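Counting in UniProt numbering, the sequence shown runs from 1 upward without gaps. One structure is given here, and the rest of the page talks about it.
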Amino acid sequence: MIVRTATERDAEALAVVHIRSWQEAYRGKVPQDYLDQLDPTQRRQGWRDWIREDRPPAGTLVLVHDTDGVIGLVNVSPSRDPDTDPDLVGEIQALYLLPEHWGRGAGRLLMAAGVRRLANAGYRELVLWVLETNDRARRFYEADGWRADGSRKTDDSRGFPYVEVRYRRRVIPTVEPLRAGAEPMKRLSQPG
Numbered sequence: 001m002i003v004r005t006a007t008e009r010d011a012e013a014l015a016v017v018h019i020r021s022w023q024e025a026y027r028g029k030v031p032q033d034y035l036d037q038l039d040p041t042q043r044r045q046g047w048r049d050w051i052r053e054d055r056p057p058a059g060t061l062v063l064v065h066d067t068d069g070v071i072g073l074v075n076v077s078p079s080r081d082p083d084t085d086p087d088l089v090g091e092i093q094a095l096y097l098l099p100e101h102w103g104r105g106a107g108r109l110l111m112a113a114g115v116r117r118l119a120n121a122g123y124r125e126l127v128l129w130v131l132e133t134n135d136r137a138r139r140f141y142e143a144d145g146w147r148a149d150g151s152r153k154t155d156d157s158r159g160f161p162y163v164e165v166r167y168r169r170r171v172i173p174t175v176e177p178l179r180a181g182a183e184p185m186k187r188l189s190q191p192g
């Protein structure tokens with residue numbers, strides 16, 4: 001499997017991942033008639049537009065399986081929350097994975113790639129929003145070091161209300177490995 005930046009050619013696959021993920025993860029949590037009417041062909045253009053408008057540090061990364069093609073995505077950006085500074089706080093806006101790949105480590109790869117992209121852009125604190133009743137996703141985030149910060153919001157943009165909770169985590173900057181041929185730092189001599 002590889003993680004790469006999404007292109008407009010991925011829009012159809014992203015729409016399928018998005019819809020199938022929602023239909024499985026949100027079953028019993030949002031109205032079934034809403035989930036049943038979701039159609040990837042209606043989401044395809046939205047994903048094309050989103051990818052076209054991505055400007056670093058915002059971006060969509062895809063996880064490509066050797067035989068199954070695009071199986072997941074993570075979308076990142078500066079935080080959209082009015083109580084955070086978008087110059088200091090990054091956001092995981094979306095993390096979706098085809099249900100048949102849940103529990104196999106693919107979600108961890110996507111999350112790590114999204115966090116790395118935001119960390120490389122200089123963010124040291126990250127947020128994400130998750131459906132309050134999505135216990136599986138909440139356990140996944142908590143296992144990755146995310147913690148609910150007490151913020152909640154109700155979204156009714158889809159014709160029904162649902163509550164989301166915000167998770168937050170700090171990013172620990174990584175140290176780049178020494179490149180081949182680079183000089184290691186010289187050890188300071190010890191007095192004595």
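Glycine included, C-beta positions come from ideal geometry on N, C-alpha and C. Here the structure is a predicted model, which means the values were calculated and not measured.
* Roughly how many angstroms lie between the CA atoms of Asp66 and Arg20, to the nearest whole one? -> Asp66 and Arg20: Cα-Cα distance of roughly 20 Å.
* Considering only the beta carbon of each residue, do Leu14 and Leu73 sit closer than 8 Å? -> Going by C-beta atoms, Leu14 is nearer than 8 Å to Leu73.
* Asked: The beta strand (DSSP E) with His101 in it runs from where to where?
  -> In the DSSP assignment, His101 falls outside any beta strand (DSSP E) and carries neither an H nor an E.
* Could you check what DSSP says for Asp134 in three-state terms: helix, strand or coil? => Going by the sequence as given, residue 134 is Asn instead of Asp. The answer is coil: DSSP assigns Asn134 none of H, G, I, E or B.
* Nearest to Trp129 by CA position, among Arg108, Gly114, Lys153, is which residue? -> Among Arg108, Gly114, Lys153, the Cα nearest to that of Trp129 is on Lys153.
* DSSP state of Ala148 mapped onto helix, strand, coil -> Here Ala148 sits in strand by DSSP.
* With burial defined as no fewer than 16 other Cβ atoms inside 10 Å of the residue's Cβ, what is the status of Val3: buried or exposed? -> Classification for Val3: buried.
* Asked: Which residues does DSSP pair with Lys153 in a beta bridge?
  -> DSSP output for Lys153 lists Glu164 as bridge partner(s).
* Asked: Just how far apart, CA to CA, sit Gln42 and Val30?
  -> Distance between Gln42 and Val30, taken at the CA atoms: about 19 Å.
* Asked: Hey, is the stretch 82 to 93 in contact with the stretch 24 to 39, meaning 3+ C-beta pairs nearer than 8 Å?
  -> Look at the beta carbons and you see the stretch 82 to 93 not touching the stretch 24 to 39: under three pairs across the two are nearer than 8 Å.
* Asked: Can you tell which of Glu132, Asp144, Arg166, Asp149 has its C-alpha closest to the C-alpha of Gly28?
  -> Nearest C-alpha to Gly28: Glu132.
* With 16 as the cutoff for other CB atoms within 10 Å, does Ala143 come out buried or exposed? -> Label assigned to Ala143: exposed.
* Asked: What are the partner residues of Leu128, as DSSP defines its beta bridges?
  -> Ile92, Tyr167.
* Cβ pair Ala115, Val171 closer than 8 Å -> Note that residue 115 corresponds to Val in the displayed sequence, not to Ala. Yes, the pair counts as a contact, with Cβ atoms nearer than the cut-off.
* Asked: Among the residues of its own chain, which have a CB less than 7 Å from the CB of Phe140, if the five just before and after it don't count?
  -> Shown here for Phe140: same chain residues with a beta carbon closer than 7 Å to its own, the five before and five after excluded, namely Gly107 in chain order.
* Asked: Going by C-alpha distance, which of Trp22, Tyr167, Thr60, Gly105 is nearest Glu6?
  -> The sequence given here has Ala at residue 6, not Glu. Nearest to Ala6 by alpha-carbon distance, out of Trp22, Tyr167, Thr60, Gly105, is Thr60.
* Give the DSSP-derived three-state secondary structure of Thr41 in the structure shown. => Here Thr41 sits in helix by DSSP.
* To do: Determine, using beta carbons only, whether Asn134 comes closer than 8 Å to chain B.
  => Absent from the structure is chain B; it holds one protein chain and no more.
* Counting along the chain, where does the alpha helix (DSSP H) carrying Ile19 start and finish? -> Residues 11 to 25.
* Asked: Per DSSP, Asn120 is paired with what?
  -> Its beta-bridge partners do not exist; DSSP assigns none.
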